[in-house]
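Engineer: What follows is a single structure, and I will ask about it in a moment.
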Amino acid sequence: MDAALIAQALADFLGLPVDQIQARLERPPRQDWGDVSYPCFELAKRWRRSPQDIAAELAATLPSGTWTASAAGGYLNFAWHREKVLPGELRRALQKGVALPQTGTGKTVVLEFGSPNVAKPISMGNLFPTIIGHALSRMYQALGWKVIGINHLGDWGSQFGKVLAAYHRWGQEEEVRGDPVNALYRLYVHFHAEAPRDPGLGREAQAWLQRLEGGDLEAHRLWRWFVEASTDAFLSTYARLGVTFDHVWGESFYKDRIPDVVQQLRSDRLLETSQGAQVVRVGDDIPPCIIVKSDGTSIYAARDVAAAIYRYERFGFDQMIYVVGAEQTLHFTQVFRTLKRMGYPWADNCHHVGFGLIRLEGRKMSSRRGDVVLLEDVLDEAVRRVAAIIDGKRPRLKDKARIAEVVGVGAVVFHGLKNQRMRDLEFNWAEVLSFEGETGPYVQYTQARIHSLMEKAQFQPQQFFQIPEPWGPEHPVTTLEWELWSALSGYENTVVQATVKNEPFLVARRLLDISQSFNGLYNNQRILSDDINTRIKLLALSDHTGQVLKHGLNLLGIEAPDTM
Ligand code: ARG
Numbered sequence: 021m022d023a024a025l026i027a028q029a030l031a032d033f034l035g036l037p038v039d040q041i042q043a044r045l046e047r048p049p050r051q052d053w054g055d056v057s058y059p060c061f062e063l064a065k066r067w068r069r070s071p072q073d074i075a076a077e078l079a080a081t082l083p084s085g086t087w088t089a090s091a092a093g094g095y096l097n098f099a100w101h102r103e104k105v106l107p108g109e110l111r112r113a114l115q116k117g118v119a120l121p122q123t124g125t126g127k128t129v130v131l132e133f134g135s136p137n138v139a140k141p142i143s144m145g146n147l148f149p150t151i152i153g154h155a156l157s158r159m160y161q162a163l164g165w166k167v168i169g170i171n172h173l174g175d176w177g178s179q180f181g182k183v184l185a186a187y188h189r190w191g192q193e194e195e196v197r198g199d200p201v202n203a204l205y206r207l208y209v210h211f212h213a214e215a216p217r218d219p220g221l222g223r224e225a226q227a228w229l230q231r232l233e234g235g236d237l238e239a240h241r242l243w244r245w246f247v248e249a250s251t252d253a254f255l256s257t258y259a260r261l262g263v264t265f266d267h268v269w270g271e272s273f274y275k276d277r278i279p280d281v282v283q284q285l286r287s288d289r290l291l292e293t294s295q296g297a298q299v300v301r302v303g304d305d306i307p308p309c310i311i312v313k314s315d316g317t318s319i320y321a322a323r324d325v326a327a328a329i330y331r332y333e334r335f336g337f338d339q340m341i342y343v344v345g346a347e348q349t350l351h352f353t354q355v356f357r358t359l360k361r362m363g364y365p366w367a368d369n370c371h372h373v374g375f376g377l378i379r380l381e382g383r384k385m386s387s388r389r390g391d392v393v394l395l396e397d398v399l400d401e402a403v404r405r406v407a408a409i410i411d412g413k414r415p416r417l418k419d420k421a422r423i424a425e426v427v428g429v430g431a432v433v434f435h436g437l438k439n440q441r442m443r444d445l446e447f448n449w450a451e452v453l454s455f456e457g458e459t460g461p462y463v464q465y466t467q468a469r470i471h472s473l474m475e476k477a478q479f480q481p482q483q484f485f486q487i488p489e490p491w492g493p494e495h496p497v498t499t500l501e502w503e504l505w506s507a508l509s510g511y512e513n514t515v516v517q518a519t520v521k522n523e524p525f526l527v528a529r530r531l532l533d534i535s536q537s538f539n540g541l542y543n544n545q546r547i548l549s550d551d552i553n554t555r556i557k558l559l560a561l562s563d564h565t566g567q568v569l570k571h572g573l574n575l576l577g578i579e580a581p582d583t584m
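The numbers in the working numbering rise by one with no breaks, and the one at position 91 of the sequence shown is 111.
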């Protein structure tokens, strides 16, 4: 059901550009008005006539197609001839499967995501940058883009001065060897607890930072050890989430390029001294971008400027996306404007994709205070709870442990992706895990239900191609069938829109819509009907539904088990 057909007919008739019409098409404000609606208010202004008049006239005069046009209020509404449209579309869907437009062919996107700080465990605070980025990487890839995923580890900068100072004061080598991430994290938290009482600590941290940046051997040896141990520890969490990167290039990777950046800024006369620091002015509306601190140590923004230039030289990207919390919006504006002032036109193709905060049952987390919740613990808890549900409902399910893992992890990921990314996320278990609500398990369960239906019926798509008239005057398309088909047929476009807006939640919502429509049909019409015609066409619809759900879960980075 390609609304483009309607847009084209209308454009031809009105002599207006087709994309202008298409952009105006919407879902009718009332369901009984039809499937597609064209609001006539803009034409009304232009033609100085009432929108009601225009809608009525168009409905009467527009050449007919595989739809019926009618007018209601100022809307021109189109209702597809369901019995004519659905069979052909479903046949095509069964033949081609999910076919996304390859709009990204030949284009490269550098996608930076994950990017945790090392010497700290991966916490719930890392959930968003990891799963949003992962979903986006799959979505771009599915549309034909070449995706370069980069994990920009926070492995350099002032927090290392603190960790080194703390290790020097209180650290035990065996303890760090045994459980590096947690031991280092305890040291970091201890540092922040002690610092207000002990001004010497701050000076020590600064001295360690200078030693580290100056290439001091001891500082370097410890730093390298801390970074490697933490990176190893991250891998198991990434593996559970199915997340991989093309490059793990931490901030330290770019440190040797900073002198060149500073040099270039200086010779372009962009660098100014402000309160002892070297800064680049980036407009009157925001503070300048600090490049070198007053003590001569480099800074976060400088590493970002160097990283962007390096990545452009290396990949010549068409887009670069940073999946980083919304609290860093100012930082990225400063960095992008600095690049722009340096004369890089591609600075306009750099985008910060932000997101909100995560609250656990009402509590905000702070990693400095040490009250973080580890992502690994949340995943474990989800899996434990799912295992308990399975034990209650299907004690003899094969492969229970693996399915509990896939469903538990999937539940957490889906929960993190089902709302607009800028919205803060409340995390409470009842909402994450319900098999009936708007959850990952609900979508997975629907897919698994379809899978077993297909197994049981031994359905083959050819069977559908052989029935001459699946729908027709004798067997009209039911409301439930039509609702399901409407939800399914919008899937491809949803993926395109979601990628343009960098909003995986649109895909998640679409999957919920499809699941709800399917379950509505499943509960109200007998799919394995005795009437062969009915049976085959409903199986065909179900088959495609299962394919779309699997495809969509996969785009979100969630596995779709075949039984659960
Ligand atoms: N490691 C940083 C943090 O946890 C995020 C890095 C964001 N990426 C960047 N290119 N600055 O806050």
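Where a beta carbon is used, it is the ideal one built from N, C-alpha and C, also for glycine.
(1) Given the structure, does Gly164 come close to ligand 1, in the sense that its CB is under 7 Å from one of the ligand's heavy atoms?
(2) Under 7 Å from any heavy atom of ligand 1, does the C-beta of His154 make it?
(3) Suppose you measure from the CA of Phe485 to the CA of Gly93; what does that come to, to the nearest Å?
(4) Assuming the contact rule is C-beta atoms closer than 8 Å, Ala560 and Leu114 should be a hit. Round their C-beta distance to whole Å, please.
(5) Taking contact to mean at least 3 C-beta pairs separated by less than 8 Å, is the stretch 319-329 in contact with the stretch 495-504?
(6) What's the call for Thr150, buried or exposed, on a 16-neighbour Cβ count within 10 Å?
(7) Where does the unbroken alpha helix (DSSP H) through Leu131 begin, and where does it stop?
(8) For Asp324, is the beta carbon positioned less than 7 Å from some heavy atom of ligand 1?
(9) Between Glu214 and Leu207, which are expected to be in contact by the criterion C-beta below 8 Å, what is the C-beta distance as a whole number of angstroms?
(10) Assign Asn146 to one of two classes, buried (16 or more other C-beta atoms within 10 Å of its C-beta) or exposed (fewer than that).
(11) So Val429 and Leu261 are supposed to be a Cβ contact under 8 Å. How far apart are they, rounded?
(12) Output the boundary residues of the alpha helix (DSSP H) element that contains Phe335.
(13) I want to know whether the stretch 531-545 touches the stretch 464-472 - three or more CB-CB distances under 8 Å.
(14) Can you tell me whether Asn522 sits near ligand 1, meaning its C-beta is under 7 Å from at least one heavy atom of the ligand?
(15) Would Gly374 and Glu271 qualify as a contact pair, given that the criterion is a beta-carbon distance under 8 Å?
(16) Under 7 Å: does the beta carbon of His586 sit that close to some heavy atom of ligand 1?
(17) Roughly how many angstroms separate the alpha carbons of Glu193 and Pro136, rounded to a whole number?
(18) Are the beta-carbon atoms belonging to Asp39 and Ala99 less than 8 Å from one another?
(19) The beta strand (DSSP E) spanning Arg379 covers which residue range?
(20) In terms of alpha-carbon separation, which member of Phe246, Lys127, Ser143 lies closest to Val183?
(21) For Tyr342, is the beta carbon positioned less than 7 Å from some heavy atom of ligand 1?
(22) When burial is assigned at 16 or more other CB atoms within 10 Å of the CB, is Gln122 buried or exposed?
(23) With a threshold of 8 Å on Cβ separation, who are the neighbours of Asp315 within its own chain once the five nearest residues in sequence on each side are excluded?
(24) Need the endpoints of the alpha helix (DSSP H) that Thr123 sits in, please.
(25) With distances taken from CA atoms, which of Gln283, Gly577, Ala162, Gly177 is nearest Asn513?
(26) Hey, is Ser135 close to ligand 1, as in C-beta under 7 Å from one of its heavy atoms?
(27) Where does the unbroken alpha helix (DSSP H) through Lys65 begin, and where does it stop?
(28) Would you give the residue range spanned by the alpha helix (DSSP H) that Trp245 belongs to?
(29) Who are Leu96's beta bridge partners in DSSP?
(30) With a threshold of 7 Å on Cβ separation, who are the neighbours of Ile378 within its own chain once the five nearest residues in sequence on each side are excluded?
(31) Do you know how far the Cα of Arg530 is from the Cα of Glu451?
(32) Taking just the CA atoms, how far does His564 sit from Leu25?
(33) Around the Cβ of His240, are there at least 16 other Cβ atoms within 10 angstroms (buried) or fewer (exposed)?
(34) Beta strand (DSSP E) containing Glu292: first to last residue?
(35) Short of 7 Å in beta carbon distance, which residues of its chain neighbour Phe479, apart from the five on each side in sequence? Order them along the chain.
Structural biologist: A quick look at the data gives this:
(1) No - ligand 1 has no heavy atom lying nearer than 7 Å to the Cβ of Gly164.
(2) It does not: the Cβ of His154 is nowhere closer than 7 Å to a heavy atom of ligand 1.
(3) Looking at the backbone, the Cα of Phe485 and that of Gly93 are separated by about 41 Å.
(4) Contact flag correct, Cβ pair sits at about 6 Å.
(5) Contact between the stretch 319-329 and the stretch 495-504 is absent, because fewer than three Cβ pairs lie under 8 Å.
(6) The residue in question, Thr150, is buried, as its Cβ has 16 or more Cβ neighbours within 10 Å.
(7) Not the alpha helix (DSSP H): Leu131 falls in the beta strand (DSSP E), residues 128-132.
(8) Indeed, a heavy atom of ligand 1 lies less than 7 Å from the Cβ.
(9) About 10 Å; that fails the 8 Å criterion.
(10) In this structure Asn146 is buried. Its beta-carbon is surrounded by 16 or more other beta-carbon atoms within 10 angstroms.
(11) Taking 8 Å as the upper bound for CB-CB distance, Val429 and Leu261 are in contact here, some 7 Å apart.
(12) If you look at Phe335, you'll find it in the alpha helix (DSSP H) that goes 320-335.
(13) The answer is yes - the stretch 464-472 touches the stretch 531-545, with three or more Cβ pairs under 8 Å.
(14) Because no heavy atom of ligand 1 lies under 7 Å away, the Cβ of Asn522 does not count as near it: no.
(15) Against a cut-off of 8 Å, the Cβ pair of Glu271 and Gly374 comes out as no contact.
(16) Residue 586 lies beyond the range of the chain shown here (21 to 584); nothing can be said about it.
(17) Spanning the two alpha carbons is a distance of roughly 24 Å.
(18) No; because the gap between Cβ atoms is not below 8 Å, this pair is not in contact.
(19) Element bounds for Arg379: 378-380.
(20) With distances taken between CA atoms, Val183 lies nearest to Phe246 out of Phe246, Lys127, Ser143.
(21) Flag set: Cβ of Tyr342 near ligand 1.
(22) Here Gln122 is exposed: its Cβ has fewer than 16 other Cβ atoms, across all protein chains shown, within 10 Å.
(23) Within the same chain, Asp315 has close Cβ partners Gln226, Gln230.
(24) Premise fails: Thr123 is in no alpha helix (DSSP H) and is neither H nor E.
(25) Looking at the Cα atoms, Ala162 is the closest of the given residues.
(26) Yes, the beta carbon of Ser135 sits closer than 7 Å to at least one heavy atom of ligand 1.
(27) 61-67 is the span of the alpha helix (DSSP H), which, as asked, contains Lys65.
(28) Bounds of the alpha helix (DSSP H) holding Trp245 are 237-261.
(29) Tyr58, Ala91, per the DSSP bridge assignment.
(30) The beta carbon of Ile378 is closer than 7 Å to those of Met144, Gly145, Leu147, Phe148, Leu445, Phe447 in its chain, skipping five residues each way along the sequence.
(31) When rounded, the separation of the alpha-carbon atoms in Glu451 and Arg530 is 18 Å.
(32) Spanning the two alpha carbons is a distance of roughly 23 Å.
(33) By the C-beta density criterion, His240 is exposed, having fewer than 16 other C-beta atoms within 10 angstroms.
(34) That run of the beta strand (DSSP E) goes 291-294.
(35) Here the set comprises Leu559, Asp563.
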